[in-house]
Amino acid sequence: MIQSSQTAAEPSFAVAKTNGAKRTILLIDDDHNIHELCRRYVTKAGHDFISAYDGAEGLELIRRGKVDLVLLDFMLPGRDGYSIYKELASNAAFTHVRHVPVIMLTAYPGAEERKRELMELGLSMHIEKPFGGPELIKVIENVFVSHGVRERERQRALTKEHEAARVSAENRALRTQIVETYGFESIIGNNQRMREIFDRIRKVAKTDANILIYGESGTGKELIARSIHAHSHRAKGPFIAVDCVALPGNLLESELYGYEKGAFTGAVAAKRGLLELAHSGTFFLDEITELNLDLQAKLLRVLQERQFRRLGGKDLIEVDMRVISATNREPFEAVKERALRHDLYYRLNVIPITLPPLRERKDDIALLCRGFLQKFSSGHQPQALELSPEALTCLMGYSWPGNVRELQNVMERVASLATGPRIETSDLPEYLRDSYHTPLRAGHSDEQNGVASAAELPLREARQQWMEKFERNYLIELMNRCNGNISRVARKAGVHRMTIYRMLKHYDITISPRRAQ
Numbered sequence: 001m002i003q004s005s006q007t008a009a010e011p012s013f014a015v016a017k018t019n020g021a022k023r024t025i026l027l028i029d030d031d032h033n034i035h036e037l038c039r040r041y042v043t044k045a046g047h048d049f050i051s052a053y054d055g056a057e058g059l060e061l062i063r064r065g066k067v068d069l070v071l072l073d074f075m076l077p078g079r080d081g082y083s084i085y086k087e088l089a090s091n092a093a094f095t096h097v098r099h100v101p102v103i104m105l106t107a108y109p110g111a112e113e114r115k116r117e118l119m120e121l122g123l124s125m126h127i128e129k130p131f132g133g134p135e136l137i138k139v140i141e142n143v144f145v146s147h148g149v150r151e152r153e154r155q156r157a158l159t160k161e162h163e164a165a166r167v168s169a170e171n172r173a174l175r176t177q178i179v180e181t182y183g184f185e186s187i188i189g190n191n192q193r194m195r196e197i198f199d200r201i202r203k204v205a206k207t208d209a210n211i212l213i214y215g216e217s218g219t220g221k222e223l224i225a226r227s228i229h230a231h232s233h234r235a236k237g238p239f240i241a242v243d244c245v246a247l248p249g250n251l252l253e254s255e256l257y258g259y260e261k262g263a264f265t266g267a268v269a270a271k272r273g274l275l276e277l278a279h280s281g282t283f284f285l286d287e288i289t290e291l292n293l294d295l296q297a298k299l300l301r302v303l304q305e306r307q308f309r310r311l312g313g314k315d316l317i318e319v320d321m322r323v324i325s326a327t328n329r330e331p332f333e334a335v336k337e338r339a340l341r342h343d344l345y346y347r348l349n350v351i352p353i354t355l356p357p358l359r360e361r362k363d364d365i366a367l368l369c370r371g372f373l374q375k376f377s378s379g380h381q382p383q384a385l386e387l388s389p390e391a392l393t394c395l396m397g398y399s400w401p402g403n404v405r406e407l408q409n410v411m412e413r414v415a416s417l418a419t420g421p422r423i424e425t426s427d428l429p430e431y432l433r434d435s436y437h438t439p440l441r442a443g444h445s446d447e448q449n450g451v452a453s454a455a456e457l458p459l460r461e462a463r464q465q466w467m468e469k470f471e472r473n474y475l476i477e478l479m480n481r482c483n484g485n486i487s488r489v490a491r492k493a494g495v496h497r498m499t500i501y502r503m504l505k506h507y508d509i510t511i512s513p514r515r516a517q
């Protein structure tokens, strides 16, 4: 039996209480003198003390009760402290106390190798016998302090781990939703050109080649891009979309590249850019021709070298991403007009995809309407909504300058306001009904444009009616030719942009807010 250097007599000096709450300390040791010494000093320090004289008894006390710290003798009858600690560290029955600190008590000279192993397993500290009471209390206090720091770090790590698990679960759910929402099955179309596009998408989704999507506003360019991402090997990575129209050049650069703290006034902390966030995923540049030429040159360098620096930063950041771009301007014309750098065009246009406007795939309108009505009527309509033949004819006769997006908005509107299962022409927006009765095509006779019926009106009212029909016809045609770009419409019409906005509002013509430039 190893004797302590302290006797069982009451210590003649005061013991400073350890900081913090009252704790329960367990001693597992076969030496009665050690028990008496530890009991006196531990209780003087303000803690509860419990005893065990062998490993089995100690393990049972740990299993049954709340223990905040264990004093464990290295040499015990039956089994040594080494095997007991290993069981505490690995047995599932002790999961609830796995992070309880353990101080090993040892006087065994050949135990150095095992002590190192135990420290690697997480042993808090060891103390050599013989030891004094004040020395023991000081070690206990230090262990509680360091354990508190470690425990806070562990809790922070667990919080981060749980947060990462939560985000991962949300991302998995979101990816499932994206596949359901942006899968090929959600891109409705039976038109021959659309079938060819679907075939191309299936092929290119398996590659990492850059893609340039061209189509008028509202044709579904981002939907196509998301579908490609959802069916690619990068589907588990992020899909980062950048609207080149939404932000001015000076802000867009910091959004793309990110910045270091102090890079400019207001940069109070470092921020990761969209390029960095797109690592391992897909980077979607919407309306690439709206990006200024300086930023296009910088972007080209990133695409070539696959690395960049944050604003104000020195370190190169590697990025692995697939790039998909989109534009509503004919790409080669944009190059000729110096809206798109020719070198960037060739870098982006590895695989081109051209989306037809809705007016060129009118055989898909019935199918699209059915899909949209099913989507928007579920949950608040007892019966499935359907279009009357007259309503469908009205929709088929319209030119749809806003393309599929405009059709979707119309279907959402009629589904929300429907009072029965059948959608009639009278349920459609007024401008659609007008276009049905007054086809908006240049070169048609007055009779075809409905002016003959105006002869029943006084001259002034007939003239006003004709002028309004002409203005609406003119504006829709111009919007169609300019892909909904308000600035271009105003320039071609020779009027101020605000005039175009007033006319759009007056004639209830819907445009995409993003293209109101």
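To convert, note that position 133 of the sequence shown is 133 in this note's numbering; the numbers rise steadily by one, no gaps. Even glycine gets a Cβ: it sits at the ideal position worked out from N, Cα and C.
Three-way DSSP call (helix, strand, coil) for residue i in this model
i	result
K298	helix
A418	coil
T43	helix
T265	coil
G443	Reliability of the predicted coordinates at G443 is poor, the pLDDT of 40 falling under 50, and the value obtained from them is presented with this limitation in mind. G443 falls in the coil class under three-state DSSP.
R370	helix
L340	coil
L504	helix
H229	helix
A241	strand
L475	helix
V489	helix
V335	helix
V70	strand
V179	Residue confidence for V179 is low, a pLDDT of 46 falling below 50, so the modelled location carries little weight; the figure read from the coordinates is stated next. Note: V179 maps to helix in three-state DSSP.
R405	helix
I278	Per the sequence presented here, residue 278 reads as Ala, with Ile not at that position. If DSSP states are grouped into helix, strand and coil, A278 belongs with coil.
L37	helix
R234	coil
P134	helix
I201	helix
N483	coil
T207	coil
With 16 other Cβ atoms within 10 Å as the buried cut-off, status of residue i
i	result
D195	Position check: residue 195 holds Arg in this sequence, whereas Asp was assumed. Exposed: under 16 other Cβ atoms inside 10 Å.
D199	exposed
V335	buried
T18	In this predicted model, T18 has a pLDDT of only 47, less than 50, meaning its place in the structure is not dependable enough to derive any value.
T499	exposed
L407	buried
F470	exposed
T106	buried
K221	buried
R441	Note that R441 scores a pLDDT of 41, beneath 50, so its modelled location is shaky; the value from the coordinates is reported in the next line. Classification of R441: exposed, given that the 10 Å Cβ count is below 16.
P77	exposed
S254	buried
G58	buried
A269	exposed
D320	exposed
S227	buried
P331	buried
V67	buried
G81	buried
7 Å Cβ shell around residue i - same chain, five flanking residues per side excluded
i	result
E216	N328, P357, N403, N483
Sequence-distant residues of the same chain with beta carbon closer than 6 Å to residue i, five excluded per side
i	result
D29	D73
S377	L385, A415
R488	C482
Y53	D30
G273	L256, Y257, G258
L344	Q296, L300
L355	G215, T219
Identified DSSP bridge partners for residue i
i	result
I423	L387
P352	L212
G258	R272
A52	I28
Q307	E318
H126	M104
L285	V242, S325
Own chain partners of residue i with C-beta closer than 8 Å, once the 5 adjacent residues on each side are dropped
i	result
L316	Q307, F308, R309
R361	G189, N191, R193, M194
L417	D427
Residue i: CB within 8 Å of a non-hydrogen atom of the ligand SAM
i	result
A107	The ligand SAM is not part of the structure shown, which contains no ligands of any sort.
Quiz item: Do the segment 189-208 and the segment 225-241 make contact, defined as three or more Cβ pairs closer than 8 Å?
Solution: yes
Self-check item: Three CB pairs or more closer than 8 Å across the segment 317-327 and the segment 358-371
Solution: no
Practice problem: Decide yes or no for the touch test of the segment 477-497 against the segment 387-401: beta carbon pairs closer than 8 Å, at least 3 of them. | Solution: yes
Practice problem: Take every Cβ of the segment 236-245, pair it with every Cβ of the segment 283-296, and state whether three or more of those distances are shorter than 8 Å. | Solution: yes
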